[in-house]
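Just so you know, the protein sequences line up as chains R and E, in that order.
Note that our numbering has the first sequence beginning at 1, numbered continuously upward.
Note that our numbering has the second sequence beginning at 1001, numbered continuously upward.
Step one of this worksheet: look at the structure below.
Number of protein chains: 2
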Amino acid sequence: MPVGTAGSVKSLTTEQLKALSTQDSGLRTGPEIILCNTYHLMLRPGIDLLQRLGGVHRFMSWDRAILSDSGGFQVFSLAAIRKVREDGVEFRSHLDGSLHFLSPEKSIEIQSRLGVDIAMAFDECPTYGLSRDDVERSMQLTHRWAKRSLAAPPATRHPPPALFGIAQGGVYPDLRKRSIEEIGSMDFDGMALGGIAVGETKEQMFDVINTASPLMPRDKPRYLMGVGTPEDLLDAVAAGMDMFDCVMPTRNARNGSLFTSSGKVHIKNAQYADDQGPLDSDCTCLACRTVSRAYLRHLFVSGEIAGLVYNTIHNVWFYLDLMRKVRQSIASHSFAAFREAFLSQLTREHE
Amino acid sequence: MPVGTAGSVKSLTTEQLKALSTQDSGLRTGPEIILCNTYHLMLRPGIDLLQRLGGVHRFMSWDRAILSDSGGFQVFSLAAIRKVREDGVEFRSHLDGSLHFLSPEKSIEIQSRLGVDIAMAFDECPTYGLSRDDVERSMQLTHRWAKRSLAAPPATRHPPPALFGIAQGGVYPDLRKRSIEEIGSMDFDGMALGGIAVGETKEQMFDVINTASPLMPRDKPRYLMGVGTPEDLLDAVAAGMDMFDCVMPTRNARNGSLFTSSGKVHIKNAQYADDQGPLDSDCTCLACRTVSRAYLRHLFVSGEIAGLVYNTIHNVWFYLDLMRKVRQSIASHSFAAFREAFLSQLTREHE
């Protein structure tokens, strides 16, 4: 899922986002779902306004699916001051210091008023480095909030969104196990692993994923929140995960860090000044089809907005294309071979 | 002509620029020509590189026409330090202080190496407020440089670009008259009025245009450089001018100042926060077809790059559409009525 923080996938118009689709034997593959942030949207433009305007789909003119996070992660990572109580979290906006409150009921109400297709249960996302006791206490709060999220009444007359639960438990295998059992016993439509990629090492992260995945419900989508690099996605798919969101393709694009089939390209580097070749000769995105590395470098070093747009088109396309190939290889029982070939090309040519 | 300063029309990919075309009874109307700045391109990425890369068309993947200015205007408005001599101008780059030289021969050489379709003669553009004597001296230099521009040898084997002369003369009617006669007597493919919109009042500007236009060659395109607002364009067309370039649609878009058929909209204003209507209900651009004023305001106040893209799409479309209607009304002998209706709608509803 490309991340559309505040109602737009950074740097792209909705039409450009839709144009990242391809037609493969009649089947549209492309961005079928994006993620929006409850925290950002509730602060600006605000939920009352968004509901009056017909919800996020209409607001951004996007007729495909939207998943919203619960707001929890941003409250714990962005908000200026926050007070966590049993009933919910009081916090001040990082934009203007205004006071706000989120609880399981409030979060579900907001997400259903946004008109999204998949809502997330409201959780507490503990920072990395907390003691086992602190993580356990936080996890138990997340479990109580999960029950309340499920029981929260729908706020609109429309069909309510699907609701995913979030398992926490930090880097502690026994806590992860308990959290997955607890959340798995509730009537959610899917299950997410939260509290991942929050500061732990890559090894710790995959220890958690490999511990967690076999315990997760086999008949529901498994969503790994906030991950990750192309290599991470392949490893996580190998571990059994289905869904991902990450700001990396859009954020890196704005920093000139571009993903290619032979490794990362830092487009501002002088070596690309005279490079007439496409960014990635294996790629068929608009940027790779129409302009050179030399042009992309020129736009980037000149601070041209169009450079950010080309970069974003490429990076998001690269991720979508990777996941398309993953799905194809799974369908043809050749995922392991695909993964190995992809990783070996990355490693072999990595600059 | 939309302005593509450094090889991109600000905020737009080349594909987005091309998508601003419409099909009217089989005839494509849209951006058929853009302007690029010799000064900017010679400093970055540099002419040797651009020539190696196959010229500006290929660099930016643009297969329609390009007009380049001569570099003169930017040397006189942007360069850090400059020394004007009979043979040319020595100046320091505003980017890194590096030393450069432009002369009629050098400018024509560069423009032909860029591979553009229309090149401009190298002129001196005097700032507003100079004495008649100073403007006259500068004009005479421009005339000598014009002759040298015409005589400059082509730098490439390709067919050389068409070459337009530039008449100067400031706000002094007799100087303008002399300059037009002088430049008009030379074998240029078109004639431009330079030194316009450089600080003089609107009244002075139109005094110059109205004095100049009847004296300009009737069988060659007449290009009014650096103008202007939609009202200015209509008035200048009424005075007999054919071609224009201006950064206003792209620059204003980035500042949230949007042109509509009922006047300017400053999209950041709170009054648009809840406004579900399109930016301009008379407009059929992508922004007006797909999103609301509320969304455009939200993107702008949130600092979303997509907001700049939507704004630019709209403003450039507005200008192109205005000129399309101008051409249609001229063809159907109803320009005066069209102009009156357009201006009266602007004035009536202007905020």
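Even for Gly, the Cβ is constructed at its ideal location relative to N, Cα and C.
Here the alpha carbons of I34(R) and G4(R) stand approximately 6 Å from one another. Under a criterion of Cβ atoms nearer than 8 Å, the residues of chain E adjacent to A294(R) are, in order, P1045, L1049, L1053 and F1059.
Annotation: Cβ neighbours of H298(R) in chain E (cutoff 8 Å, chain order): A1006, G1007, R1044, P1045 and F1059. Counting every other CB atom within 10 Å of its CB across the protein chains shown gives R1176(E) a total of 16 or more, marking it as buried. For a Cβ distance threshold of 9 Å, residue set Q16, L286, A287, T290, V291, A306, V309, Y310 and I313 of chain R lies close to T1013(E), ordered along the chain. The same chain holds no residue with a CB closer than 8 Å to that of Q140(R) once the five nearest residues on each side in sequence are set aside. Among the residues facing chain R, Q1271(E) is not included, as its CB has no counterpart in that chain under 7 Å away.
Within chain R, the residues L53 have their CB atoms less than 7 Å from the CB of Q1276(E), given in chain order. Shown here is that no member of the region 115 to 140 of chain R has a Cβ falling below 9 Å from a Cβ of chain E. Taken atom to atom, the span from the alpha-carbon of T1127(E) to that of G1195(E) is near 8 Å. The count of Cβ pairs closer than 8 Å, one atom from the region 1208 to 1215 of chain E and one from the region 1235 to 1252 of chain E, reaches three, so the stretches are in contact. Under the three-state reduction of DSSP, S103(R) is assigned to coil, being neither helix nor strand. In this structure, the beta-carbon distance from G165(R) to I180(R) does not fall below 7 Å.
Bridge partners of R324(R) according to DSSP: none are assigned. As the crow flies, the alpha-carbon of P1230(E) is around 11 Å from that of V1326(E). Residues A1167, A1212 and L1224 of the same chain have their beta carbon placed closer than 6 Å to that of L1193(E), with the five preceding and five following residues left out of the count.
In the structure shown, L53(R) adopts coil according to DSSP, grouped into three states. In the structure shown, M243(R) adopts extended strand secondary structure according to DSSP, grouped into three states. For K220(R), there are no neighbours in chain E by C-beta distance under 9 Å, as the nearest C-beta there is about 33 Å away. Counting along the chain, G184(R) sits inside the alpha helix (DSSP H) bounded by residues P173 to G184. Exclusion of the five residues before and after P2(R) leaves V9, P31, I34 and V316 as the residues of its chain whose Cβ lies within less than 6 Å of its Cβ. Here P217(R) has G184 and M191 as same chain residues with Cβ atoms under 7 Å from its own Cβ, once five neighbours each way along the sequence are excluded.
In this structure, the straight-line span from the alpha carbon of G1055(E) to that of L1017(E) is close to 19 Å.
Between D1117(E) and L1067(E) the beta-carbon gap is near 7 Å, inside 8 Å, which marks them as a contact. A distance of 7 Å or more separates the beta carbons of M1120(E) and L1150(E). Taking R1178(E) as the centre and dropping the five residues before and after it, the same chain places the C-beta of M1139 and G1169 closer than 8 Å to its C-beta, in chain order.
Between the C-alpha atoms of L1286(E) and T1312(E) there is a straight-line separation of about 11 Å. Three or more Cβ pairs drawn from the region 68 to 81 of chain R and the region 37 to 46 of chain R lie within less than 8 Å of each other, which places the two stretches in contact. If you ignore the 5 residues before and after F1300(E), its C-beta comes within less than 6 Å of the C-beta of G1256, I1267, K1268 and G1307, all in its own chain and listed in chain order.
Residue pairing from DSSP places R1092(E) in a beta bridge opposite L1099(E). By the neighbour-count definition (other C-beta atoms within 10 Å, threshold 16), Q271(R) is an exposed residue.
Secondary structure of R1297(E) (DSSP, three-state): helix. Secondary-structure assignment with DSSP links V84(R) through a beta bridge to V89(R). 7 Å or more divides the Cβ of D1275(E) from the Cβ of C1288(E). Nearest CB-CB separation between S1093(E) and chain R: not below the 7 Å threshold.
By DSSP's assignment, L1041(E) forms no beta bridge with any residue.
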